[in-house]
Amino acid sequence: MSTVLSARGITKSYGSKTVLKDLSISAERGDVIAIIGASGSGKSTFLRCLNLLEMPDAGEIEFGGDHIDMRTFNGLATSEKNRRIQALRSRIGMVFQGFNLWSSKTLLENVTEAPIHVHHRPPQECIAQAKELLASVGLYEFRDYYPKHLSGGQQQRGAIARALAINPSVILFDEPTSALDPELVGEVLQVMQKLAEAGSTMLVVTHEMSFARNVSNKVIFCENGSIGAQGSPAEIFSSDRSAALRKFLSIA
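What follows is the structure, encoded as structure tokens:
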């Protein structure tokens with residue numbers, strides 16, 4: 008297996024508060040990595056640092072042959088920083104907790120926006136791909152609907168289709184089901200499980216322990232801005248765990 012994305016020593020502070028302390032991760036092709044932990048443990052900030060939606064104060068990121076060392080990156084000219092950030096994000100899909108679909112665009116237009124305007128692919132090719140992706144997440148018949156006419160689960164499935172439209176090497180999911188009503192969670196998790204079975208490389212911040220246990224092949228437990236434990240689901244969910252991990256799993 009080949010490494011798709013790696014990060015080493017990721018550190019992040021807001022003022023005097025350090026929220027990430029020397030976190031590292033390595034994702035191999037086909038990995039499904041569940042990132043779990045209590046609210047405020049730093050897991051979402053860590054995920055957002057991986058595609059520079061949050062700018063780390065220190066650390067290194069390697070992705071697709073590009074090496075970003077924050078010791079020198081923060082000193083680059085703004086134009087060069089923006090170019091490298093765009094290059095990174097153009098190959099990493101992102102699914103947000105709050106869907107983040109453009110309200111003024113139809114579902115089909117949401118899915119075609121980045122392939123057409125960022126990747127500059129032929130519009131008809133992008134439209135055909137978008138229709139296939141929407142069909143794959145059960146939304147083909149809703150392709151001309153605006154987000155306000157869709158349920159939360161439908162919007163999130165549309166957001167997943169949008170992330171897939173750039174043909175990403177890795178997809179980041181930031182608590183993709185936490186904004187959904189309980190009855191809609193299953194339809195989103197089902198789509199994510201199909202992606203995992205198809206070999207997609209995924210990093211998933213989640214409170215869904217069944218997903219972490221049954222779908223992921225690696226689990227990272229974040230604790231107070233650090234990695235408190237990591238391993239296979241069998242190792243993380245075994246009886247031989249740290250006190251902090253036992254406490255978290257008992258209330259998760």
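Numbering of the sequence shown is given in my numbering, commencing with residue 8 and proceeding in unit increments. Each residue gets a CB set at the ideal place from its N, CA and C atoms; glycine is no exception.
C-alpha gap between residue i and residue j, whole angstroms
{"i": "V118", "j": "V39", "result": "23 Å"}
{"i": "G44", "j": "P129", "result": "42 Å"}
{"i": "F80", "j": "A34", "result": "22 Å"}
{"i": "S158", "j": "L171", "result": "20 Å"}
{"i": "L187", "j": "Q162", "result": "10 Å"}
{"i": "L252", "j": "F244", "result": "9 Å"}
{"i": "N107", "j": "R169", "result": "10 Å"}
{"i": "R90", "j": "E190", "result": "41 Å"}
{"i": "T208", "j": "Q200", "result": "12 Å"}
{"i": "A94", "j": "G71", "result": "10 Å"}
{"i": "A135", "j": "K112", "result": "17 Å"}
{"i": "V177", "j": "T85", "result": "26 Å"}
{"i": "Y153", "j": "A203", "result": "28 Å"}
{"i": "N58", "j": "R96", "result": "6 Å"}
{"i": "D73", "j": "H126", "result": "18 Å"}
{"i": "I167", "j": "V102", "result": "6 Å"}
{"i": "P240", "j": "S223", "result": "7 Å"}
{"i": "I99", "j": "G37", "result": "14 Å"}
{"i": "G160", "j": "S257", "result": "27 Å"}
Cut-off 7 Å between Cβ atoms - residues of its own chain near residue i, not counting five sequence neighbours on either side
{"i": "R15", "result": "S31, G66 and E67"}
{"i": "K28", "result": "T18, G232 and S233"}
{"i": "E69", "result": "S13"}
{"i": "A219", "result": "A41, I43, T213, V226 and P240"}
Classification of residue i by the beta-carbon crowding that lies within 10 angstroms, buried from 16 upward
{"i": "S48", "result": "buried"}
{"i": "V198", "result": "buried"}
{"i": "V226", "result": "buried"}
{"i": "L83", "result": "exposed"}
{"i": "G105", "result": "exposed"}
{"i": "N221", "result": "exposed"}
{"i": "G206", "result": "exposed"}
Strand pairing of residue i, partner residues [DSSP]
{"i": "M209", "result": "V39 and I178"}
{"i": "S229", "result": "In the sequence as presented, Ser is not what sits at residue 229; that position holds Cys. According to DSSP, which records beta bridges pairwise, C229 is partnered with I234."}
{"i": "H74", "result": "E69"}
{"i": "I99", "result": "V177"}
{"i": "K19", "result": "L27"}
{"i": "I32", "result": "A14"}
Neighbourhood of residue i by C-beta distance below 6 Å, restricted to the same chain and skipping five residues each side
{"i": "E61", "result": "T52 and R55"}
{"i": "I42", "result": "K50, V212 and I227"}
{"i": "C133", "result": "T119, P122 and I123"}
{"i": "S110", "result": "P154"}
Own chain, CB closer than 8 Å to residue i, minus 5 neighbours either side, in chain order
{"i": "R164", "result": "V144, G145, L146, E194, V195 and V198"}
{"i": "K138", "result": "L115, Y147 and R150"}
Below-8 Å beta-carbon distance, residue i vs any chain C residue
{"i": "S13", "result": "Given the protein chain composition of this structure (a single chain), no chain C is represented."}
Does the count of Cβ pairs from the stretch 179–196 and the stretch 209–220 closer than 8 Å reach three? yes
The stretch 11–26 / the stretch 143–158 touching (three or more Cβ pairs under 8 Å): no
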